[in-house]
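In what follows, a structure is listed as structure tokens, so that the remarks can point back to it.
Protein chains in written order, with the numbering used here: chain A, 1 to 302; chain B, 1001 to 1281.
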């Protein structure tokens, strides 16, 4: 009886309760992140096909990736192209629309919802299927374009140069959440700054460049980091819409990792795929670090 | 002057409306096309409103494939999304309370770990987790798609709820403590009832993300009767399943109904949730 009471008292202490409440995360982090990561780090030094026991081969996977794997370089190139074009376009779109929608009218709530809706459902398989259907040679995109440009009928969007653009358009279309973040920081800008600028005779254009844009740079930075990471990891949509085709021109990095681990034909190369995943993690960390390094060069702080 | 203002306002609204129409045009096209006879969908691709309306696509689509109707797939998706969302809410709010309100030694490092899980996306964990779950014998079960969410593994939700708890006056905690309430009592009686808005926002995001999760289904679902809607739709669209465009669009339309309804009802809290802690979407 006394023991029970002691235990309850012990549990009631703040320093103990803190761990009790954090327990889900502590267990989850160990079970679903740390252990799998350590496991995969080990297997990245192995030849491993899941069926048979892993065989330690040292740095062989890594050496092969860098010296003898054209698809790896191709996947890296495709992913960078997608990230370098898609991310800035998305953030610029988000900013422009946010500036337009910052004006408060009776319909503003409705407008925001309409521009944000694609982001809410954009990750679904339904939208991937829809995108594939819309950009087919006989699909609705060509049908509409042919009204304006009669020569364009049957343009093949899924050809080697343009297939990646189908995916870029899809990601830019989902600028909604960046837009909402811009809108909320626009609201926080002190009105008096604009009034003062007006008194000084600065026009709207000048106000934008001298007040709005500098004050938004932290938000621009945040969105850039977020969206860059996201675009490095695009998987579902490319898997469903193009599956890396044609000729690997839309072979995103994560898709390549997946294909190595779960090939349609032949043996799984889990060890090799683990090494690829680790390289990806290092690349993402490096890109994030680079973005953070560039931060004090252009982000305004007061 | 007044006249000029009004005209400018009108132009503004027309332009913004046109933009909004372009934004949701793909979705409108999907919805309206699903009511066209399936042979008309592509030939009349540039016409939005069907000239002949039909429900045939829904009837043929619902029958599904390989002996399972879409009722099965929807049921599976609801089961996975609801249970994993429930787990996310409970575990994330417990952890958020500890990290926001309690004082203990490893609080700081734990908080940093939580933030770093936001930077560590599921695609990177795909291969490691698959190997681990395979060892645990979980491939072919729903465990990989549900159980992890009972352990607050998505830093985004912990962070979102933490921000919200910050807004709950600390005096309430203090008063309860004086009345003899333990930390566990404070969480259940004071914090939990006051963070309902953050829980709603989290629930909706979690539900939609679990509903759309195609990657896990692809990796872990092996039996046809266990397929969630995301995987089923993909297979339904494959040429091997007949690839009936009308039926595919009809089932695609149905599959986005839950997310769209949630969005329309809780629009305001979603918008605020994104704006305040701004991640993903």
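Quick reminder that beta carbons are idealized off the backbone N, C-alpha and C, glycines included.
On the three-state DSSP scale, how would you describe residue i?
| i | result |
| --- | --- |
| residue 46 of chain A | strand |
| residue 1068 of chain B | strand |
| residue 198 of chain A | helix |
| residue 1018 of chain B | helix |
| residue 1211 of chain B | helix |
| residue 86 of chain A | helix |
| residue 80 of chain A | helix |
| residue 1142 of chain B | coil |
| residue 110 of chain A | helix |
| residue 249 of chain A | coil |
| residue 102 of chain A | coil |
| residue 266 of chain A | coil |
| residue 1273 of chain B | helix |
| residue 5 of chain A | helix |
| residue 171 of chain A | helix |
| residue 1279 of chain B | Residue confidence for residue 1279 of chain B is low, a pLDDT of 41 falling below 50, so the modelled location carries little weight and cannot support an answer. |
| residue 1077 of chain B | helix |
| residue 1182 of chain B | coil |
| residue 19 of chain A | helix |
| residue 1259 of chain B | helix |
| residue 287 of chain A | helix |
| residue 256 of chain A | helix |
| residue 1120 of chain B | coil |
Going along chain A, which residues have a C-beta under 7 Å from residue i?
| i | result |
| --- | --- |
| residue 1032 of chain B | Those within 7 Å of residue 1032 of chain B in chain A number zero; the least Cβ separation is about 11 Å. |
| residue 1237 of chain B | 129 |
| residue 1283 of chain B | Coverage of chain B is limited to positions 1001 through 1281, which leaves residue 1283 of chain B absent and any answer about it impossible. |
| residue 1114 of chain B | 25 |
Given that residue i touches chain A, what residues does it touch there, using C-beta distances under 8 Å?
| i | result |
| --- | --- |
| residue 1259 of chain B | 120, 121, 124 |
| residue 1117 of chain B | 29, 33 |
| residue 1191 of chain B | By Cβ distance, chain A contributes nothing, its closest Cβ being about 10 Å from residue 1191 of chain B, past 8 Å. |
| residue 1202 of chain B | The contacting residues do not exist; residue 1202 of chain B stays about 15 Å from chain A at best. |
| residue 1255 of chain B | 124, 125, 126 |
Give the DSSP bridge partners of residue i, in chain order.
| i | result |
| --- | --- |
| residue 55 of chain A | A/47 |
Hey, would you say residue i sits closer than 8 Å to residue j, going by beta carbons?
| i | j | result |
| --- | --- | --- |
| residue 22 of chain A | residue 1256 of chain B | no |
| residue 299 of chain A | residue 221 of chain A | yes |
| residue 54 of chain A | residue 271 of chain A | yes |
| residue 1093 of chain B | residue 1253 of chain B | no |
| residue 361 of chain A | residue 57 of chain A | Because chain A here runs from 1 to 302, residue 361 of chain A falls outside it and cannot be looked at. |
| residue 109 of chain A | residue 168 of chain A | no |
| residue 223 of chain A | residue 94 of chain A | yes |
| residue 274 of chain A | residue 219 of chain A | no |
| residue 1223 of chain B | residue 1140 of chain B | yes |
| residue 1091 of chain B | residue 1210 of chain B | no |
| residue 166 of chain A | residue 175 of chain A | no |
| residue 1271 of chain B | residue 180 of chain A | yes |
| residue 1150 of chain B | residue 24 of chain A | yes |
| residue 1153 of chain B | residue 33 of chain A | yes |
| residue 1162 of chain B | residue 1099 of chain B | yes |
| residue 1016 of chain B | residue 1245 of chain B | no |
| residue 1194 of chain B | residue 1168 of chain B | yes |
| residue 17 of chain A | residue 1219 of chain B | no |
| residue 164 of chain A | residue 79 of chain A | no |
| residue 30 of chain A | residue 20 of chain A | no |
| residue 1068 of chain B | residue 1225 of chain B | yes |
| residue 238 of chain A | residue 252 of chain A | yes |
So the candidates are the options; which of them puts its Cα closest to the Cα of residue i?
| i | options | result |
| --- | --- | --- |
| residue 1051 of chain B | B/1032, B/1062, B/1067 | B/1032 |
| residue 1020 of chain B | A/33, A/78, A/95, A/113 | A/113 |
| residue 119 of chain A | A/77, A/148, A/177 | A/177 |
| residue 1227 of chain B | B/1083, B/1072, B/1194, B/1146 | B/1072 |
| residue 1200 of chain B | B/1273, B/1261, B/1048 | B/1273 |
| residue 1039 of chain B | B/1270, B/1248, B/1261 | B/1248 |
| residue 14 of chain A | B/1213, B/1105, B/1158 | B/1105 |
| residue 236 of chain A | B/1024, B/1216, B/1014 | B/1216 |
| residue 1030 of chain B | B/1250, B/1261, B/1268, B/1064 | B/1250 |
| residue 1026 of chain B | A/216, A/144, A/230, A/209 | A/144 |
| residue 172 of chain A | A/246, A/262, A/290, A/234 | A/234 |
| residue 37 of chain A | B/1131, B/1266, B/1045, B/1146 | B/1131 |
Say whether chain D places a C-beta atom closer than 8 Å to the C-beta of residue i.
| i | result |
| --- | --- |
| residue 12 of chain A | Given the protein chain composition of this structure (A and B), no chain D is represented. |
For residue i, go through chain A and note every residue whose CB falls closer than 9 Å to its CB, in chain order.
| i | result |
| --- | --- |
| residue 1042 of chain B | 133, 136, 138, 139, 140, 143 |
| residue 1226 of chain B | Within chain A, no residue comes near residue 1226 of chain B; the closest Cβ sits about 16 Å away, beyond 9 Å. |
Can you list the residues of chain B that residue i reaches, using a CB-CB cut of under 8 Å?
| i | result |
| --- | --- |
| residue 265 of chain A | Within 8 Å Cβ-Cβ: nothing; residue 265 of chain A doesn't reach chain B, min ~16 Å. |
| residue 242 of chain A | The contacting residues do not exist; residue 242 of chain A stays about 14 Å from chain B at best. |
Show which residues of chain B have a CB atom less than 7 Å away from the CB atom of residue i.
| i | result |
| --- | --- |
| residue 236 of chain A | 1214, 1215 |
Which residues of chain B have a Cβ atom closer than 9 Å to the Cβ of residue i, listed in chain order?
| i | result |
| --- | --- |
| residue 62 of chain A | Those do not exist, as residue 62 of chain A stays about 15 Å from chain B at its closest Cβ, beyond 9 Å. |
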